[in-house]
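Per the numbering used here: the sequence shown = residues 4 to 133.
Before any comments, here is the structure.
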Amino acid sequence: MAAPLREAAARLEFDSLKGFLKGFIDLTFEHDGRWYIADYKSNWLGPDAGYYDGERLLQALAAEHYYLQYLIYLVALRRFLRQRLADFRDEQLGGAFYLFLRGMPEAGVYFARPAEALLDALDRLFEEGQ
4 MAAPLREAAA RLEFDSLKGF LKGFIDLTFE HDGRWYIADY KSNWLGPDAG YYDGERLLQA
64 LAAEHYYLQY LIYLVALRRF LRQRLADFRD EQLGGAFYLF LRGMPEAGVY FARPAEALLD
124 ALDRLFEEGQ
């Protein structure tokens, strides 16, 4: 995970993990044997595509905690695929695309493929509720 996202995650605090979590994945798709999520964002980062480059996208992901959103979505997608596809293997989970519409088509695309160990740890955390 990129440094700005790790730093933002380190500042998060939770009292408990009891209850339900509700969210909507904008798009899931399969390409070349790998499964992905895509989430569309309409955030205003600046007046032209130059404001939608890598560093500014990382800042937006950190400020809005979108990194946590895509981690949760990927854990959910992986759980779903494990249940629905008998031959699913974890390496078939491709990653997450965040599409900042105001920067496209020249810029505004962020992609992440978190380490399986991170997804495993988050999955265990949700499973245990601690």
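Positions of the beta carbon are idealized from the N, C-alpha and C atoms, including for glycine.
Quick check on the burial criterion: 16 or more other C-beta atoms within 10 angstroms. Buried or exposed for R87? exposed
From K44 to Q62, what distance separates their C-alpha atoms? Cα to Cα, the separation comes out at about 14 Å.
Roughly how many angstroms lie between the CA atoms of D42 and Y69, to the nearest whole one? 10 Å
As assigned by DSSP and simplified to three states, the class of D93: helix
Which class does I27 belong to by DSSP, given the choice of helix, strand or coil? Note on identity: in this sequence residue 27 is Phe, with Ile being the wrong assignment. DSSP places F27 in coil when its eight states are reduced to three.
Considering only their Cβ atoms, is the gap separating R92 from W47 smaller than 8 Å? Taking 8 Å as the cut-off, the Cβ atoms of W47 and R92 do not count as close.
Taking only the alpha-carbon atoms, compute the straight-line gap between E119 and E109 and give it to the nearest angstrom. 30 Å
Identify whether D51 lies in helix, strand or coil by the three-state DSSP scheme. Reduced to three states, the DSSP call for D51 is coil.
Check whether L2 and L74 have beta carbons under 8 Å apart: Residue 2 cannot be examined here, being either before or after the span of the chain that is shown, 4 to 133.
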